[in-house]
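Notes follow the structure.
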Amino acid sequence: MGLRHVVGLLGFLGFGAACAPASPPATPPPPAAAPVADAPPGPPPSSPPANVACRAKVQVCAEYQGVPADLAVNLRAKCAAEGGEVMDACPADKVVGTCTASRPTMTVRQHVYRAKTGRETRGLVFDSKRACESKGGTFTAP
Numbered sequence: 010m011g012l013r014h015v016v017g018l019l020g021f022l023g024f025g026a027a028c029a030p031a032s033p034p035a036t037p038p039p040p041a042a043a044p045v046a047d048a049p050p051g052p053p054p055s056s057p058p059a060n061v062a063c064r065a066k067v068q069v070c071a072e073y074q075g076v077p078a079d080l081a082v083n084l085r086a087k088c089a090a091e092g093g094e095v096m097d098a099c100p101a102d103k104v105v106g107t108c109t110a111s112r113p114t115m116t117v118r119q120h121v122y123r124a125k126t127g128r129e130t131r132g133l134v135f136d137s138k139r140a141c142e143s144k145g146g147t148f149t150a151p
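Basically this note's numbering = 1-based index in the sequence shown + 9.
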């Protein structure tokens, strides 16, 4: 899992140009199950939002805050399938830049870490900033 994959996750979450909303699902959701006789009236309780982080094998870690529980499960699975390390939060040390993209229900932060050489780090920061801004995010460096 590399920078291209993490930036791709921003698109997967609907962070396109100017943070345009994601397209609606291709198929309608399944019909709701009939309520149980002794269930309280009103909508079913929802799971609280989750925080998920995925550290790639390269110098990138993506942090998703306030993610709906069902999406959190998908993000964890996608991270592991791509060879990333699933964690609760990204490490704060050696960060050289962060891309932040927000939606009404969640925030995604992609942290970029220092590479082995200054030249590699500068290239990574340059590419990350360009990719971030092209997806409607805000790139900040410490």
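A virtual CB, placed ideally from N, CA and C, is assigned to each residue, including glycine.
Just so you know, these numbers come straight off a predicted model, no measurement behind them.
What would DSSP say about residue 130, mapped onto helix, strand or coil?
Residue 130: helix per DSSP, three-state reduction.
Starting from residue 175, follow its DSSP beta bridges and name the residues at the other end.
Because the chain here runs from 10 to 151, residue 175 falls outside it and cannot be looked at.
Below 6 Å CB to CB, which residues in the same chain sit around residue 138 once its five sequence neighbours on both sides are set aside?
For residue 138, where only same-chain residues beyond five positions count, the Cβ hits under 6 Å are 148.
Is the separation between the beta-carbon of residue 100 and that of residue 64 shorter than 9 Å?
Yes, the pair counts as a contact, with Cβ atoms nearer than the cut-off.
Since residue 99 is in the beta strand (DSSP E), which residue starts that stretch and which ends it?
Counting along the chain, residue 99 falls outside any beta strand (DSSP E), and DSSP gives it neither H nor E.
For my contact list, residue 104 and residue 151 are in at a C-beta cut-off of 8 Å; report their separation, rounded to the angstrom.
Confirmed, about 6 Å.
Please state if the CB of residue 109 and the CB of residue 146 are separated by a distance shorter than 9 Å.
Yes, Cβ-Cβ distance for residue 146 and residue 109 is below 9 Å.
From the DSSP output, read off the bridge partner residues of residue 148.
DSSP lists 108 as partners of residue 148.
Does DSSP put residue 59 in a helix, a strand or coil?
Strand, per DSSP.
Could you give the distance in angstroms between the alpha-carbon of residue 124 and the alpha-carbon of residue 70?
Each residue's Cα considered, the two are about 13 Å apart.
Excluding sequence positions up to five away, which residues of its chain have a Cβ less than 6 Å from the Cβ of residue 88?
Closer than 6 Å at Cβ, skipping near neighbours: 63, 95.
Rounded to whole angstroms, what is the Cα-Cα separation between residue 59 and residue 131?
C-alpha separation (whole angstroms): 33 Å.
What are the start and end residues of the beta strand (DSSP E) that includes residue 118?
Segment 116-122, the beta strand (DSSP E) holding residue 118.
For residue 182, which option in 66, 136, 117, 83 has the closest C-alpha, if you only look at C-alpha atoms?
This structure does not reach residue 182, given that the chain is present from 10 up to 151, and the question cannot be answered.
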